[in-house]
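Numbering (my numbering), first residue to last: 11 to 254.
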């Protein structure tokens, strides 16, 4: 992987972790119906949308050692993918929403929502808005922030709301959401469509501590060293702990 491609060449777009940032940093990427060979050599980093992985291994598997990154998909990488991880030519696999243990498979951050330059500057994932809110250096005023939809995971998110007594979702634009988030010490970040959430990474960028429950991404050490509160389950939530 070429770390320089994680940087905007002219500095015009602020840079934050996202699926597309990982895609742009790889030597070979296959994500939008075509394979793009930016560089092709031994130990290449290859980027895939997870929904293309079966075709990749059936028809495009490299004949030399390689690294694999899968991102830009809501699906989890679970034990049903173990036979791909066992490929002797696969050196390491960095997987978004990792949900099984394997010595060659590590977690890959979901990051923020992919930004499409020039399309609705108010949309989620706009790095310019994130930069703006970070520059405000807002004072932390609220103890715990909670504002998420139940639609993406009614069971997990419903349990979070029930146990924490957090308020229901209030629809606000992306800038208002980020500003409210930046003014909070902690943020509830239950699982959504996938295990990892954009909210977790948005919180970290705004110096707000996300609160999550233990999952495989925790077990493989992806969040190690990051300021995150990890509960074994939402039943372990204790509001008094956060106010101390």
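Cβ coordinates follow ideal geometry from the N, Cα and C atoms, glycine included.
Closer than 8 Å is the cut-off here; do at least three beta carbon pairs connect the stretch 186–196 with the stretch 150–162? yes
Does the count of Cβ pairs from the stretch 105–116 and the stretch 178–186 closer than 8 Å reach three? no
Cβ-Cβ distance between residue 55 and residue 77 below 8 Å: yes
Under 8 Å between the Cβ atoms of residue 111 and residue 229? yes
Residues of its chain near residue 219, where Cβ-Cβ distance is below 8 Å and the 5 sequence neighbours each way are ignored: 195, 196, 197, 213, 237, 238 and 239
Helix, strand or coil at residue 159 [DSSP, three-state]: coil
Among 248, 84 and 82, which one has its Cα closest to the Cα of residue 172? 248
Which residues in the same chain as residue 253 place their Cβ atom closer than 7 Å to its Cβ, once the five residues preceding and following it in sequence are excluded? 153
What is the DSSP secondary structure of residue 29, counted as helix, strand or coil? helix
Considering only residues of the same chain and omitting the five flanking positions on each side of residue 88, which have a CB-CB separation below 8 Å? 109 and 110
Within 10 Å of its beta-carbon, does residue 204 have 16 or more other beta-carbons around it, so buried, or fewer, so exposed? buried
Name the residue from 31, 217 and 245 whose alpha carbon lies nearest to the alpha carbon of residue 149. 217
In the stretch 177–232, which residue ranges form an unbroken alpha helix (DSSP H) of at least 4 residues, counting only runs that do not cross its ends? 184–192, 208–215 and 226–229
Check for me: the alpha helix (DSSP H) holding residue 174 runs from which residue to which? 164–174
Entirely within the stretch 87–158 and at least 3 residues each: give me those beta strand (DSSP E) ranges in chain order. 100–105, 115–117 and 152–155
Close beta carbons around residue 13, own chain, < 7 Å, minus the five adjacent residues each side: Interpretation of residue 13 is limited by its pLDDT of 38, a score under 50 that renders its predicted location unreliable; no figure is taken from the coordinates.
Should residue 29 be labelled buried (16 or more other beta-carbon atoms within 10 Å of its own) or exposed? buried
Between the alpha carbons of residue 159 and residue 73, how many angstroms are there, rounded? 44 Å
Using CA atoms only, rank isn't needed, just tell me which of 163, 202 and 38 is closest to residue 53. 38
Could you give the distance in angstroms between the alpha-carbon of residue 176 and the alpha-carbon of residue 101? 43 Å
Since residue 59 contacts residue 83 with CB under 8 Å, what's their CB separation in whole angstroms? 5 Å
Beta-carbon gap between residue 139 and residue 26 smaller than 8 Å: no
For residue 136, which residues of its own chain have a beta-carbon under 7 Å away from its beta-carbon, when the five flanking residues on both sides are left out? 125 and 184
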